[in-house]
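Take a look at the structure below.
Numbering (our numbering), first residue to last: 40 to 188.
What follows is the structure, encoded as structure tokens:
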């Protein structure tokens, strides 16, 4: 009797593994928990390493809500716009019009780095690393590089 129970348990276990092996079922499962929609980043105002506008716009989307939105602005340092600013970061948040309470938990947010900040950058090559993380800890990052004459 014991051998029969062990055999039935083994069949049940193998059956459960094979029943979830369909790629459609796996995709449905990922969709149910939101892992099919990772965050995204779109940047405008820079093309092929050249500033093409007076403003660099960074648009992020996270359908599972923004948990962290980190941007490193040249000569100003890294800031997580989904967190409260430090005393040193507060003037930058104010200049960019950022309210961290609006960023945290939003599905999308846009930051515009205007000419007031860009004009103050020294001449040469600059990079703006960007990373967004959603509430499921899915993240994406990119770096925008441009040369200021």
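Note that beta-carbon positions come from the ideal geometry of N, C-alpha and C, so glycine has one too.
Note that the structure is predicted; figures quoted are calculated from it, not measured.
Look up residue i in the DSSP assignment and give the residues it is bridged to.
| i | result |
| --- | --- |
| residue 81 | 98 |
| residue 187 | 163 |
| residue 93 | DSSP, once it has assigned bridges, lists no residue as partnering residue 93. |
| residue 121 | DSSP lists no partner for residue 121. |
| residue 173 | 105 |
Would residue i and residue j be called neighbours here (beta carbons separated by less than 8 Å)?
| i | j | result |
| --- | --- | --- |
| residue 91 | residue 167 | no |
| residue 103 | residue 174 | yes |
| residue 78 | residue 99 | yes |
| residue 82 | residue 152 | no |
| residue 113 | residue 165 | yes |
| residue 105 | residue 132 | no |
Look up residue i in the DSSP assignment and say whether it is helix, strand or coil.
| i | result |
| --- | --- |
| residue 166 | strand |
| residue 133 | helix |
| residue 155 | helix |
| residue 139 | helix |
| residue 149 | strand |
| residue 106 | strand |
| residue 126 | coil |
| residue 114 | coil |
Hey, residue i and residue j are a contact pair by Cβ (cut 8 Å); roughly how many whole angstroms apart?
| i | j | result |
| --- | --- | --- |
| residue 85 | residue 183 | 5 Å |
Just to confirm my understanding: we take residue i, look at its own chain, exclude 5 residues before and 5 after, and list those with CB closer than 7 Å. What are they?
| i | result |
| --- | --- |
| residue 120 | 108, 110, 137, 139, 142, 150 |
Can you give me the Cβ contacts of residue i inside the same chain, cut-off strictly under 6 Å, excluding the 5 residues immediately before and after it?
| i | result |
| --- | --- |
| residue 123 | 139 |
| residue 180 | 170 |
| residue 157 | none |
Under 8 Å Cβ to Cβ from residue i, same chain only, skipping five residues before and after it: list those, please.
| i | result |
| --- | --- |
| residue 163 | 186, 187 |
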